[in-house]
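K.L.:
Just dropping this structure here.
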């Protein structure tokens, strides 16, 4: 009977004061929804940075040609043509702790296929490229060692290049594309990886290394050598060995004059970690400020409505209702408001982050931890500040509460 | 039934102390109909609030049915107010935006009565207080002053209390309505309720059997008819 009375009083009291209840709920909804949306955008950005870095490859060391120097004029990094396939082969046989080595020749070319054409990256490489760069084949096959040896005119398309040339989702295997007036037969399509910032692996086409050198670039140099170390802990030592080895091979003794440069994935990750670190701080401050603002909003709403009801509490006491029942009713009202507002806020925040990823193109991640944090803080604040002033009023002598202005 | 000895009430308001009651002593028997009169500021409302257990005296003792009220704890005071006292406030004090019926049923909340029993009794009391049936489901802020007063009286009656305390029950009413309300109190008196009311109109006080007149916090006269 008492429990039913409390629930009925709660319902009546909230529905008799629709504007007051509505505003309180609105405060809670906005507080929670803003925290969830903000945090989901931040976490989405964080995870997309992380997956971008992972998609480059694993334990990767990239050797690029250095600056060409002659008569004290530098033509800029990457301009010297000193790296060769022989360098790559030597690295693979001479240095320990290497899983795979993939030399590559990349350049952008215009290409045509049955009336459509596009301009994209053509990567001439070897089968180990799959291992080194974390590329997987979706349909057909990748380039084989034999095709590299015989300079076959075959090509593997990235999914974006396939979409541009043949249409979304089509199977172009067996057809040909024409690059620099040479026809290449399509033997496979790679699996989509998502953009990785540096060069989009989905918007590339792959041909055998030797074919690229013979038919496209016309020389024997490579534009980079990608090396996969067998263990992430040995990347630094492998990098050092590769550096020493190549200096010896190229007969260079002054480290200032090296004709190549090395970059490893750990360096990229370290740079990115400092970015994600900043992100984490940014996220925490956004969440903190949103929670603070939301919490203060809820606190204000609760404090003012309950203080405003001091006279009502006095009246209830003066007709002989016990303090504990008055407190149960106010607690139940605060719980009802915060939970109703909380659930609405979670839904709204979730919908808002879906809309953000749908229309703004940012990826969002609604983390259970941010939902719990937002819900917990607002429920806590709502209940404490709904209950505490009610308790204060219920402890007053009825006449003092009734006289309260 | 009611026994007051040396009741004193001092309000502290910053540095200034205001003495509302100075050592007031009196005795009221069961079934009496008492009017407390006095000019404004004479301490009559304060006395009424102490009798209704809504306020505690600064010093002195107040016995109700042999129990000293100042010795009771908060819950015992609530039970006392609920079971023995019906209070009609000067400023009506109904729950805002709430129906007449729910206002009258308020003192029955959290008691072991069913919903239909509560409504039944609320309707009886409202009928007794003279409110038209068409108003029972109106919200409290849609009523006139006289109607609100009847609702307040009905609420005071709902627990069938031994004592009914009314603080200026006719203060906001015209002469005709005042007389109807006073006749209702006389009727309650005949049924055996002890009635204590406050007024500043001698004409209203004439409905009572005994008139205690207060001035400056002290009893000036105490006459029985």
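Residue numbers (my numbering), protein chains in the order written: chain A, 17 to 421; chain B, -13 to 211.
Ideal Cβ positions, reconstructed from N, Cα and C, are used throughout, including at glycine.
Is the number of C-beta pairs between the segment 285 to 299 of chain A and the segment 55 to 68 of chain A that are closer than 8 Å three or more?
P.N.:
Cβ pair count under 8 Å is three or more, so yes.
K.L.:
Roughly how many angstroms separate the alpha carbons of residue 362 of chain A and residue 391 of chain A, rounded to a whole number?
P.N.:
If you take the alpha carbons of residue 362 of chain A and residue 391 of chain A, they lie about 8 Å apart.
K.L.:
Spell out whether any CB of chain B is found under 8 Å from the CB atom of residue 405 of chain A.
P.N.:
Answer no: the Cβ-Cβ gap between residue 405 of chain A and chain B never drops below 8 Å.
K.L.:
Within 10 Å of its beta-carbon, does residue 155 of chain A have 16 or more other beta-carbons around it, so buried, or fewer, so exposed?
P.N.:
Answer is exposed; the Cβ neighbour count stays below 16.
K.L.:
Closer than 6 Å by C-beta to residue 326 of chain A: which residues in its own chain qualify, once you throw out the five before and the five after it? Chain order, please.
P.N.:
So the list reads 409, 417, 420, once near-sequence residues are dropped.
K.L.:
For a contact defined as C-beta to C-beta under 7 Å, what are the partners of residue 93 of chain B on chain A?
P.N.:
The contacting residues are 335, 336.
K.L.:
So residue 281 of chain A packs on residue 73 of chain A, CB below 8 Å; how close in whole Å?
P.N.:
Confirmed, about 7 Å.
K.L.:
Counting along the chain, where does the beta strand (DSSP E) carrying residue 160 of chain B start and finish?
P.N.:
Note, residue 160 of chain B: premise wrong, no beta strand (DSSP E); not H, not E.
K.L.:
Taking the beta carbon of residue 149 of chain A as the centre, do at least 16 other beta carbons fall within 10 Å, making it buried, or is it exposed?
P.N.:
Residue 149 of chain A comes out buried.
K.L.:
So that I know if they touch, is there some Cβ in chain B lying closer than 8 Å to that of residue 420 of chain A?
P.N.:
No, because no Cβ of chain B sits closer than 8 Å to the Cβ of residue 420 of chain A.
K.L.:
In its own chain, which residues sit with a C-beta less than 6 Å from the C-beta of residue 315 of chain A, not counting the 5 before and 5 after it?
P.N.:
Here the set comprises 397, 401.
K.L.:
Chain A partners of residue 161 of chain B, CB-CB under 7 Å?
P.N.:
The contacting residues do not exist; residue 161 of chain B stays about 28 Å from chain A at best.
K.L.:
I'd like to know whether the C-beta atoms of residue 30 of chain A and residue 349 of chain A end up nearer to each other than 8 Å.
P.N.:
It is a contact, given that the beta carbons lie within the stated cut-off.
K.L.:
Should the segment -2 to 15 of chain B be regarded as contacting the segment 352 to 367 of chain A, the criterion being three or more beta carbon pairs within less than 8 Å?
P.N.:
Cβ pair count under 8 Å is below three, so no.
K.L.:
Is it right to say residue 240 of chain A is buried, meaning 16 or more other beta carbons lie within 10 angstroms of its own, or is it exposed?
P.N.:
Its Cβ being crowded by 16 or more others within 10 Å, residue 240 of chain A is buried.
K.L.:
Between residue 367 of chain A and chain B, is there a C-beta pair that is closer than 8 Å?
P.N.:
By this cut-off, residue 367 of chain A is not an interface position.
K.L.:
Given 8 Å as the limit, is there contact between the segment 132 to 149 of chain A and the segment 262 to 273 of chain A, that is, 3 or more CB pairs closer than that?
P.N.:
Output reads no: the segment 262 to 273 of chain A does not touch the segment 132 to 149 of chain A.
K.L.:
Any beta carbon of chain A sitting closer than 8 Å to that of residue 141 of chain B?
P.N.:
Yes, contact with chain A.
K.L.:
Quick test of your reading: residue 339 of chain A and residue 64 of chain B, contact by CB under 8 Å. State the CB separation rounded to the nearest angstrom.
P.N.:
Contact flag correct, Cβ pair sits at about 7 Å.
K.L.:
Could you check where the beta strand (DSSP E) with residue 337 of chain A kicks off and where it finishes?
P.N.:
No beta strand (DSSP E) holds residue 337 of chain A; DSSP gives it neither H nor E.
K.L.:
Work out the CA separation of residue 168 of chain B and residue 188 of chain B for me, nearest whole Å.
P.N.:
Taking the straight line from one Cα to the other gives about 13 Å.
K.L.:
Does DSSP classify residue 196 of chain B as helix, strand or coil?
P.N.:
Note: residue 196 of chain B maps to strand in three-state DSSP.
K.L.:
Any idea if residue 376 of chain A is buried or exposed, counting beta-carbon neighbours within 10 angstroms, 16 or more meaning buried?
P.N.:
Exposed.
K.L.:
Using three-state DSSP, classify residue 97 of chain B as helix, strand or coil.
P.N.:
DSSP places residue 97 of chain B in coil when its eight states are reduced to three.
K.L.:
Between residue 172 of chain B and residue 102 of chain B, what straight-line distance do the alpha-carbon atoms span, to the nearest angstrom?
P.N.:
Their backbone Cα atoms lie some 29 Å apart in a straight line.
K.L.:
Please compile the residues from chain B whose C-beta is within a distance smaller than 8 Å of the C-beta of residue 25 of chain A.
P.N.:
Chain B residues near residue 25 of chain A: 95.
K.L.:
Going residue by residue through the segment 273 to 302 of chain A, where are the continuous beta strand (DSSP E) segments of at least 3 residues, counting only ones entirely within it?
P.N.:
Segments of the beta strand (DSSP E) lying fully in the segment 273 to 302 of chain A: 276 to 280.
K.L.:
Less than 8 Å separating the beta-carbons of residue 132 of chain B and residue 112 of chain B?
P.N.:
No, they are not a contact pair.
K.L.:
Applying the criterion that 16 or more other CB atoms from any shown protein chain within 10 Å of the CB defines a buried residue, is residue 120 of chain A buried or exposed?
P.N.:
Result: buried.
K.L.:
In or out: residue 217 of chain B buried (at least 16 other Cβ within 10 Å) or exposed?
P.N.:
What is shown of chain B runs -13 to 211, which leaves residue 217 of chain B out entirely.
K.L.:
When we look at the beta-carbon of residue 154 of chain B and count the other beta-carbons within 10 Å, is it buried (16 or more) or exposed?
P.N.:
Buried.
K.L.:
Quick check on residue 88 of chain B - is its C-beta less than 8 Å from some C-beta in chain A?
P.N.:
Yes, contact with chain A.
K.L.:
Quick check: is the beta carbon of residue 414 of chain A nearer than 8 Å to any beta carbon in chain B?
P.N.:
Closer than 8 Å to some Cβ of chain B, the Cβ of residue 414 of chain A qualifies, so yes.
K.L.:
Check whether the Cβ of residue 98 of chain B lies closer than 8 Å to any Cβ atom in chain A.
P.N.:
Output row for residue 98 of chain B: interface = yes.
K.L.:
Let me see if you follow: with CB-CB separation under 8 Å, is residue 57 of chain A close to chain B or not?
P.N.:
No, residue 57 of chain A does not count as interfacial toward chain B.
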